[in-house]
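Those letters in the sequence shown? Residues 14 to 593, per my numbering, in order.
We put the CB at the ideal spot given by N, CA and C, even for glycine.
Since the structure is predicted, the reported quantities are computational estimates derived from the model, not experimental observations.
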Amino acid sequence: MPPAPVTRERLVEVLEEIALLLEIQGENPFKVRAYRQGAEIVAGHDGDIVALAREQKLDGIKGLGEALRDKLHELASTGRLEFHEKLRAGYPDGFFDLFDLEGLGPKKIAALHKTLGIGSISDLKSACETHQVAELPGFGEKTQAKILLAIARRNQHAGEFRLDDATIAAEEILDFLRSHPDALRVSVAGSTRRAKETVHDLDFIVATSQPAALTGHFASAPFATEVIAHGDTKCSIRLANGLQCDLRAVSNDQFPFALMYFTGSKEHNVAIRSRALKQGWSLNEYGFTGDDVPTVRDEADLYRALGLDFVPPELRENRGEIEAADAGTLPRLLEWENLRGTFHNHSTASDGKASIDEMAEAARELGLQYLGISDHSKSSPQANGLDEDRLNAQITAIADWNREHGSPHFRLFAGSEVDILKDGSLDFDDSLLASLDFTVASVHNAFTLDEDAMTRRIIRAMENPHVTMLGHLTGRLLLRRDGYAVNHEKIIDCAAATRTVIELNCNPKRFDMDWRWWHRARDLGVLCSINPDAHSTQQLQFLKFGASIARKGWLRRQDVLNTRSLPDIEAWLRLPKDKR
Ligand code: DGT
Ligand code: CA
Ligand code: CA
Ligand code: ZN
């Protein structure tokens with residue numbers, strides 16, 4: 014069998030696996046880091062990196078050393094990499110799933126593999142259940158219990174994917190479908206189009222007069238590792254990462270109906286269908302039936318026929334959007350292009366991968382007018398948090414940077430992601446906080462406080478006049494770790510009263526505060542800051558996801574702090590908090 018064509022994802026996956034394998038074998042951390050960085054560079058490269066690797070033209074790319082370039086060339090040109098295969102020998106396929114478990118690092122995985130021969134999550138589960146893990150040196154009862162919990166959580170979320178993974182996959186598939194000459198209109202539908210934070214499968218709709226040609230095209234796509242079902246108008250495939258993709262091929266007339274139906278949500282559909290019935294039409298995924306059915310060319314026509322304004326897909330959850338569309342009061346939602354800058358980003362001073370210089374350059378390239386740097390504070394040593402001296406030095410460095418490189422069109426803001434300590438006090442005293450342009454206050458430890466104590470802790474932090482915004486409200490990690498217990502109503506009320514901004518952390522692992530709470534916050538006049546929490550230059554791109562989630566939370570341009578221009582933000586930051 015010829016090797017499968019090598020994709021960018023495959024290059025990234027192999028480099029990441031090498032990094033993990035070297036790490037568990039106790040290799041030099043610099044070498045490990047080189048592979049991990051290589052994976053990021055390959056993932057984020059603008060050009061056709063697979064072709065460049067195949068043709069051995071990787072020379073000019075910063076951060077890829079000779080050893081890595083050679084390995085990428087071997088992999089891209091032959092479909093295999095001997096170095097990787099040798100490293101992998103002895104580890105079963107399911108081995109890498111172990112790295113997905115919350116709280117289990119390479120050292121522990123290496124020990125489990127070496128002593129108990131653990132090669133998969135199910136091996137690990139049995140070993141925990143028979144108490145073998147607790148008895149290993151360095152493990153113990155508590156660790157064993159934590160591992161079992163992590164496994165349970167993973168199983169509970171089996172078959173779910175994060176929005177970023179879904180979106181990236183969907184974009185490639187859309188390109189592929191559009192490339193077919195018989196494809197008239199192509200769209201993603203389902204939960205991905207609605208910007209749900211996690212999705213179960215991807216849904217695509219194509220308008221065509223040759224449906225079977227399109228389903229055939231889809232079934233033979235290079236990314237289809239399995240064909241689950243293949244008919245003349247429907248086809249389902251599976252991607253290498255396990256994500257199922259459903260395609261429906263319909264006529265051009267049916268397209269708006271199918272698109273709306275398969276975009277959902279089911280609850281939105283049910284409400285729409287009953288509205289159609291009241292007008293004497295029955296509605297399904299192919300069209301209206303009944304007397305005097307209207308002509309429908311696109312989704313906007315469809316809503317109009319039902320007496321409704323067009324409902325943006327992100328709002329289609331039957332949470333009041335149909336009533337608002339009926340009354341003509343749907344909000345004009347934020348657009349990603351409205352964002353002018355962003356706060357809450359990290360640099361190499363704490364646990365970021367890029368220097369302040371590099372972050373600034375990347376922000377400027379994205380077209381932003383300002384970038385906030387907020388590295389971790391001293392109570393987060395695991396993230397190399399800054400103490401007072403290092404923070405003071407950083408404030409000076411940022412002022413120097415602004416003097417040298419800043420302009421009326423771009424500047425850096427000096428901030429801190431300051432830890433909220435267990436009692437709600439902050440990691441730095443007020444005089445230091447006052448010398449910053451802004452402060453993001455976040456919880457990074459003592460997650461197990463009860464809801465009351467956690468809520469009081471956060472409220473105390475928000476009451477500080479130097480806390481500009483609250484970072485990742487619940488600390489959740491989607492599909493991995495639930496958020497800590499906290500009373501959202503009380504936090505939102507306190508944000509309104511203290512004029513504290515709440516962050517929409519748009520790292521796709523977090524999307525925190527959750528979209529379901531933003532409508533309420535907005536109505537109370539709470540401002541949102543869409544923050545990527547970027548730990549590398551590429552992660553600034555998370556802002557796009559942030560805009561989608563903000564839309565899903567009914568937010569308008571005026572509800573989002575970082576839609577304001579640089580001069581407006583400078584003026585706003587100068588105001589005392591109670592005047593904002
Ligand atoms: P998920 O679970 O992340 O895949 O979420 P969706 O919303 O993409 O759900 P999916 O793929 O099962 O179905 C796509 C859309 O098709 C769904 O949002 C609404 C529509 N749909 C599916 N089943 C039903 C149904 O039984 N009744 C109605 N009214 N609509 C349905
Ligand atoms: Ca779906
Ligand atoms: Ca589906
Ligand atoms: Zn944080």
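Just curious, the alpha helix (DSSP H) that residue i is in, first and last residue?
| i | result |
| --- | --- |
| R67 | 62-67 |
| P139 | According to the sequence displayed, residue 139 carries Ser and not Pro. From DSSP, the alpha helix (DSSP H) with S139 extends over 134-142. |
| I31 | 21-37 |
| F231 | 224-232 |
| I181 | 176-191 |
| G161 | The sequence shown places Leu at residue 161, not Gly. Start and end: 153-169. |
| I131 | Unbroken run through I131: none, as it is neither H nor E. |
Return helix, strand or coil for residue i, following the three-state DSSP convention.
| i | result |
| --- | --- |
| E371 | helix |
| C258 | strand |
| R383 | The sequence shown places Tyr at residue 383, not Arg. Looking at Y383 - three-state DSSP - the assignment turns out to be strand. |
| N544 | strand |
| M14 | Note on M14: pLDDT 42, under 50, position unreliable in the model; no value is reported. |
| F426 | strand |
| H97 | helix |
| A459 | coil |
| E210 | coil |
| R533 | helix |
| T91 | helix |
| T487 | coil |
| N575 | helix |
| G103 | coil |
Considering only residues of the same chain and omitting the five flanking positions on each side of residue i, which have a CB-CB separation below 6 Å?
| i | result |
| --- | --- |
| P15 | Residue placement at P15 is flagged as unreliable, the pLDDT there being 47, under the threshold of 50; the coordinate-derived value follows with that caveat. None. |
| F423 | R377, Q382 |
| V219 | L190, A196, V199, L227, A262 |
| R473 | G437 |
| H230 | H193 |
| L28 | Y48, G51, A52 |
| K590 | P478, R512 |
| H97 | V27, I31 |
| E502 | none |
| L82 | Per the sequence shown, the amino acid found at residue 82 is Arg instead of Leu. L71, listed in sequence order. |
At what residues does the beta strand (DSSP E) containing residue i begin and finish?
| i | result |
| --- | --- |
| T452 | 451-455 |
| I250 | 247-251 |
| D581 | Unbroken run through D581 is the alpha helix (DSSP H), 579-587; no beta strand (DSSP E). |
| S200 | 198-201 |
| E40 | That residue, E40, is in no beta strand (DSSP E); it is neither H nor E in DSSP. |
| D216 | 214-220 |
| D243 | A small fix is needed here, since residue 243 is His in this sequence, not Asp. Note, H243: beta strand (DSSP E), 239-243. |
| I285 | Premise fails: I285 lies in the alpha helix (DSSP H), 279-291, not in any beta strand (DSSP E). |
| I515 | 514-518 |
Roughly how many angstroms separate the alpha carbons of residue i and residue j, rounded to a whole number?
| i | j | result |
| --- | --- | --- |
| F189 | A234 | 8 Å |
| Y316 | A183 | 25 Å |
| N477 | A338 | 40 Å |
| F174 | G320 | 36 Å |
| R286 | T143 | 53 Å |
| D106 | L114 | 16 Å |
| D413 | F426 | 12 Å |
| N282 | I335 | 10 Å |
| F152 | C141 | 11 Å |
| H418 | R564 | 34 Å |
| T156 | L149 | 10 Å |
Can you list, in chain order, the residues of its chain with a C-beta nearer than 7 Å to that of residue i? Leave out the 5 residues immediately preceding and following it.
| i | result |
| --- | --- |
| T302 | W294, S295 |
| F558 | L176, D177, C519, P521 |
| R469 | G437 |
| L77 | G51, I54, L71 |
| S561 | A208, E327 |
| T221 | D195, A196, L197, L227, A262 |
| R489 | D495, G496, R523, D525 |
| M475 | L483, C507, A508, T511, T513 |
| R23 | none |
Near residue i, what residues of its chain come up, given a Cβ to Cβ distance below 8 Å and the 5 sequence neighbours on each side ignored?
| i | result |
| --- | --- |
| I515 | M482, L483, L486, I504, I505, A508, M526, A534, V539, L540, C541, S542 |
| L556 | W349, L352, T355, L379, C519, I543, P545 |
| L446 | S429, V431, L439, T452, N477, H479, V480 |
| P326 | R206, R207, A208, T276 |
| W567 | L328, P344, L346, W531, H532, R535 |
### Query
Touching or not, the stretch 85-95 and the stretch 55-70, by the rule of three or more beta carbon pairs under 8 Å?
yes
### Query
Does the stretch 52-61 come close enough to the stretch 119-128 that 3 or more CB-CB pairs lie under 8 Å?
no
### Query
Can at least three beta-carbon pairs, one atom from the stretch 387-396 and one from the stretch 350-362, be found at a separation below 8 Å?
yes
### Message
Contact between the stretch 362-370 and the stretch 403-414 is defined here as three or more beta-carbon pairs at a separation below 8 Å; is this criterion met?
### Response
yes
### Query
How about the stretch 339-348 and the stretch 561-577: do they share at least three Cβ pairs that are nearer than 8 Å?
yes
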